[in-house]
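A short worksheet on the structure shown next.
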Amino acid sequence: MGGRVDGRVQGGEQAGEIRIPYVLRMTGKAPGCLAGHKRSVQLPAVREHLGRLGRELGWHGALSADVILGSDGPVFIDLNPRLVEPMNALLSGVDLLTPMLDLARGRTPAPQPPGKPGVASHQLLLAVLGAAQHSGRRRAVLGELAAAAVRRRGYAGSREEPMAGVDARSMLLFALAAGATLARPALWRWFASGSVAAYALSPHGWRRIVQHAPAAP
Numbered sequence: 001m002g003g004r005v006d007g008r009v010q011g012g013e014q015a016g017e018i019r020i021p022y023v024l025r026m027t028g029k030a031p032g033c034l035a036g037h038k039r040s041v042q043l044p045a046v047r048e049h050l051g052r053l054g055r056e057l058g059w060h061g062a063l064s065a066d067v068i069l070g071s072d073g074p075v076f077i078d079l080n081p082r083l084v085e086p087m088n089a090l091l092s093g094v095d096l097l098t099p100m101l102d103l104a105r106g107r108t109p110a111p112q113p114p115g116k117p118g119v120a121s122h123q124l125l126l127a128v129l130g131a132a133q134h135s136g137r138r139r140a141v142l143g144e145l146a147a148a149a150v151r152r153r154g155y156a157g158s159r160e161e162p163m164a165g166v167d168a169r170s171m172l173l174f175a176l177a178a179g180a181t182l183a184r185p186a187l188w189r190w191f192a193s194g195s196v197a198a199y200a201l202s203p204h205g206w207r208r209i210v211q212h213a214p215a216a217p
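Each residue of the sequence shown is one higher than the one before, starting from 1 at the first, in the working numbering.
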């Protein structure tokens, strides 16, 4: 396949057999490694590689990876033993959570077909922060909010992920965060940094690990 596709692939594996394949394409930029817009896709070659990896490892549980797909085929980076993007998967017809609970309880999860391609979802707050990060201009932030309001650009046919119905407190928090970012786009750093810094390995932590690691034989 020519060009470049940035996306994520994941699956639930039992004894190395992939049972719940799911692939999505990240179509909108957000701070860090996140995506404000996602769209489910079908990429059999990517699923085959993930299945082979699971078989070689005898993997039992969740397995996800970021994928760059170019003319030479898929390149897998940032593999993780965890689930990501469960809402887009659910909207496309793939339940990622129930099979993981089955595996944890020693049950055999029922195989699921690949998700329906072309299902779009978004997280508006991430998209707003991404607009502020990549442009630094109020106009870009306002344009993102306007596109969401009139359901244009990446919002046409797309569903907001985290909210089930209208939750007043969540809407208030979103309004405060979006309003603050619109008034001062540089605030995207404050909103984005805390979520990752709370768990990510810092440069100081990495240096300590290397310093105290046993010497190679």
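The beta-carbon is built from N, C-alpha and C at its ideal position, and this holds for glycine as well.
Just so you know, these numbers come straight off a predicted model, no measurement behind them.
Euclidean distance between Cα positions of residue i and residue j
i, j, result
"Gly12", "Asn80", "Residue confidence for Gly12 is low, a pLDDT of 49 falling below 50, so the modelled location carries little weight; the figure read from the coordinates is stated next. If I take the Cα positions, the gap works out to 12 Å."
"Arg152", "Ala131", "15 Å"
"Ala178", "Asn88", "23 Å"
"Gly51", "Pro74", "14 Å"
"Arg47", "Ser121", "21 Å"
"Arg63", "Arg82", "With the sequence shown as reference, residue 63 is identified as Leu, and Arg is not the correct amino acid for it. The alpha-carbon atoms of Leu63 and Arg82 are separated by roughly 6 Å."
"Pro86", "Ile68", "20 Å"
"Leu182", "Arg25", "27 Å"
"Val5", "Asp102", "Legend: pLDDT at Val5 = 44, less than 50; position of this residue unreliable, value from coordinates given subsequently. For Val5 and Asp102, the distance between alpha carbons rounds to 32 Å."
"Leu172", "His49", "43 Å"
"Gly143", "Ile209", "44 Å"
"Leu190", "Ser170", "The sequence shown places Trp at residue 190, rather than the Leu named in the question. When rounded, the distance between both Cα atoms is 19 Å."
Sequence-distant residues of the same chain with beta carbon closer than 8 Å to residue i, five excluded per side
i, result
"Lys116", "Ser40, Ser92, Gly93"
Cutoff 6 Å; reference residue i; Cβ partners in own chain excluding five residues on either side
i, result
"Thr108", "none"
"Tyr155", "Ala147, Ala148"
"Val23", "Val9, Val41, Leu43, Val46"
"Gly118", "none"
Cβ-based burial, residue i [other Cβ within 10 Å; buried from 16]
i, result
"Ala215", "exposed"
"Gly205", "exposed"
"Gln123", "buried"
"Ser158", "buried"
"Ala104", "exposed"
"Leu129", "buried"
"Leu126", "buried"
"Gln211", "exposed"
"Ala192", "buried"
"Ala35", "buried"
"Gly2", "Residue confidence is low: Gly2 scores 33 on pLDDT, short of 50, so the model does not pin down where it sits. No coordinate-derived value is stated."
"Pro203", "exposed"
Beta-ladder partner(s) of residue i, from DSSP
i, result
"Ala120", "Arg39, Ser158"
"Met26", "Lys38"
7 Å CB neighbourhood of residue i in its chain, flanking five on each side removed
i, result
"Pro185", "Ala132, Gly136, Arg137, Arg138, Val141"
Within-8 Å CB hit, residue i to chain D
i, result
"Gly93", "Here chain D cannot be found, since the structure has a single protein chain."
Open item on the list: With a threshold of 8 Å, are at least 3 pairs of Cβ atoms found where one atom belongs to the region 44-61 and the other to the region 173-188?
Closed with: no
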